[in-house]
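Reading through the structure tokens given below for one structure.
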């Protein structure tokens with residue numbers, strides 16, 4: 012009886028292991044791309060939420076001024092209204108979700124009229140903005156997303 016030689020089977024295990032490794036790498040790469048896009052969408056949604064929270068808080072601060080409305084002098088004034096009415100127009104100060112700090116937008120009276128992110132990235136979102144933010148569709152950078160309260164003319 013003759014024994015079979017293993018001379019012709021050497022190296023196949025190595026090739027099979029490389030093929031499995033390539034398959035796993037391609038699968039991991041394609042799974043990462045949607046996750047990265049989802050993370051960008053989440054950061055943009057958070058930026059819209061936080062910016063609108065500031066804009067709405069500034070509007071409430073203005074409205075709480077009664078006969079002599081004015082804009083807040085500091086962002087902290089939105090947490091505890093210094094005019095003695097005990098109002099909180101914002102629960103807490105939000106950080107800019109894309110890194111960096113907020114750019115403070117000043118009104119005609121020198122008070123804070125809004126905020127804008129200090130981020131140079133190009134927005135992915137180009138449509139379907141909430142009412143009042145439709146102009147964001149034409150923004151070249153995130154810094155162009157300006158969340159600003161426009162006081163009514165007297």
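Residue numbers (the working numbering): 12 to 165.
Here a beta-carbon is modelled for each residue, glycine too, at the ideal position from N, C-alpha and C.
None of the values given here were measured: they were computed from a predicted structure.
Bridge partners of residue 127 according to DSSP: 114. With fewer than three CB-CB distances shorter than 8 Å, the stretch 135-155 does not count as touching the stretch 68-88.
Three or more beta-carbon pairs separated by less than 8 Å link the stretch 94-111 to the stretch 56-72, which places the two stretches in contact. Here residue 93 is exposed. Its C-beta has fewer than 16 other C-beta atoms within 10 Å. Proximity of the stretch 109-123 to the stretch 31-42 falls short of the contact definition, fewer than three beta-carbon pairs being nearer than 8 Å. Our two residues, residue 154 and residue 148, have alpha carbons roughly 13 Å apart in a direct line. If the five residues before and after residue 95 are omitted, its C-beta is found closer than 7 Å to no C-beta atom of its own chain. Exclusion of the five residues before and after residue 115 leaves 123, 126 as the residues of its chain whose Cβ lies within less than 7 Å of its Cβ.
Closest in C-alpha terms to residue 131, from the list 76, 113, 63, comes 113. Per the C-alpha coordinates, the member of 79, 91, 156 positioned closest to residue 60 is 156. Nearest Cα to residue 163 within the set 108, 79, 151: 79. Residue 82 sits buried, since 16 or more C-beta atoms from the chains shown fall within 10 Å of its C-beta. At the C-beta level, residue 109 and residue 58 come within 9 Å of one another.
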